[in-house]
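**Q** What follows is a single structure, and I will ask about it in a moment.
Below, the structure written as structure tokens:
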């Protein structure tokens with residue numbers, strides 16, 4: 036993939052047409068009417084040794100996150116495959132009102148728990164978390180069913196206190212964990228755990244869920260969790276004219292944002308600085 040030039044960084048993300056899923060990009064709106072809130076999710080592909088060598092430098096990724104915040108108006112950003120030092124750098128650049136939450140991926144080998152270091156000088160540990168321009172309270176780590184081998188992670192939840200909205204995120208295990216395939220039943224239990232952690236009408240939850248949407252040919256795990264789609268609105272839910280837009284450059288949708296509140300708008304924003312596209316969900320808080 037050809038990396039964006041330094042001039043291209045100033046352009047930020049490109050928002051593709053919501054109806055067609057391709058074609059003419061629209062300009063993202065940075066401000067929203069009172070009584071609404073925007074939350075974004077993006078797998079940054081920041082851990083270079085995880086097949087992310089061709090997705091740009093740490094500086095490009097940090098610039099893209101800043102562009103995502105500025106141009107979409109997102110006040111909370113859920114991040115996966117992020118490096119802890121990069122997250123600290125972005126938070127500092129965004130200004131004093133912004134804060135961050137970070138949790139490392141872990142692995143258990145021979146009874147010992149370890150983390151993954153990001154390659155590159157001083158980039159810290161690989162993990163997932165949140166950036167927030169809103170005060171967060173009630174930060175909680177909720178256990179997630181774990182695979183027998185491979186990386187482990189939990190569910191991270193926090194409440195945007197003034198808006199009274201509970202926000203939860205995770206990064207579910209992919210279909211392949213190390214040398215073993217992950218059973219679809221595990222992802223079903225993980226999805227149910229995520230929905231349970233965020234239970235209630237005033238909630239937003241999602242992230243990189245590593246599974247296809249309900250109704251698609253690859254939706255093994257979703258076939259038994261229709262209640263999630265029944266109880267919550269997904270950011271880019273399928274409509275009469277077709278299915279959800281892809282969120283990964285390989286041609287799949289695997290990133291999601293669900294809410295129990297009124298969904299107002301969903302944006303899919305593409306960038307060469309990751310193999311994933313970002314989702315931005317705007318919803319009513321009143």
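In this note's numbering, the protein residues as written are 36 to 321. In this text, a Cβ means the ideal position worked out from N, Cα and C, and glycines have one as well.
For residue 201 and residue 231, what's the separation of their Cα atoms in angstroms?
**A** The alpha-carbon atoms of residue 201 and residue 231 are separated by roughly 12 Å.
**Q** Shortest alpha-carbon distance to residue 223 belongs to which of 155, 182, 238 and 199?
**A** Residue 223 has its Cα closest to that of 182, out of 155, 182, 238 and 199.
**Q** Where residue 63 and residue 98 are concerned, what is the direct C-alpha to C-alpha distance, given to the nearest angstrom?
**A** Unreliable placement is indicated for residue 63, whose pLDDT of 45 sits below 50; the coordinate value is still reported in the next sentence. Distance between the alpha carbons of residue 63 and residue 98 is about 16 Å.
**Q** Kindly indicate which three-state DSSP category residue 105 falls into: helix, strand or coil?
**A** Note: residue 105 maps to helix in three-state DSSP.
**Q** First and last residue of the beta strand (DSSP E) that includes residue 74?
**A** Looking at the DSSP string, the run of the beta strand (DSSP E) that includes residue 74 is 71-78.
**Q** May I ask you to verify whether the stretch 184-202 touches the stretch 157-166, counting CB pairs closer than 8 Å and requiring at least 3?
**A** As far as the Cβ criterion goes, the stretch 184-202 touches the stretch 157-166, which means the pair count is three or higher.
**Q** Would you report the Cα separation of residue 321 and residue 71, rounded to the nearest angstrom?
**A** Rounded to the nearest angstrom, the two C-alpha atoms are 7 Å apart.
**Q** Note down, in chain order, each residue of its chain lying with its Cβ closer than 6 Å to the Cβ of residue 84, except the 5 sequence neighbours on either side.
**A** Answer for residue 84: 154, listed in chain order.
**Q** If you reduce the DSSP assignment to three classes, tell me which class residue 56 lands in.
**A** Low confidence applies here, because residue 56 scores a pLDDT of 45, under 50, leaving its location unreliable and the question unanswered by this model.
**Q** Which of the three DSSP states is assigned to residue 242 in this structure?
**A** In the structure shown, residue 242 sits in a strand (DSSP, three-state: E or B).
**Q** Look up residue 134 in the DSSP assignment and give the residues it is bridged to.
**A** According to DSSP, which records beta bridges pairwise, residue 134 is partnered with 167.
**Q** Thinking just about the alpha-carbon of each residue, which of 144, 101 and 308 is nearest to the one in residue 90?
**A** That would be 308, whose Cα lies nearest to the Cα of residue 90.
**Q** Would residue 86 be called buried (16 or more neighbouring beta carbons within 10 Å of its own) or exposed?
**A** Result: exposed.
**Q** Alpha carbon to alpha carbon, how far is residue 272 from residue 108? Give it in angstroms, no decimals.
**A** For residue 108 and residue 272, the distance between alpha carbons rounds to 21 Å.
**Q** By alpha-carbon positions, which one of 93, 305, 270 and 217 ends up nearest to residue 283?
**A** The option with the nearest alpha carbon to residue 283 is 305.
**Q** I'd like the list of long-range same chain contacts for residue 197, defined as Cβ closer than 8 Å, with 5 residues on each side in sequence excluded.
**A** Within the same chain, residue 197 has close Cβ partners 169 and 170.
**Q** Does DSSP put residue 186 in a helix, a strand or coil?
**A** Coil, per DSSP.
**Q** First and last residue of the alpha helix (DSSP H) that includes residue 309?
**A** Element bounds for residue 309: n/a, residue is neither H nor E.
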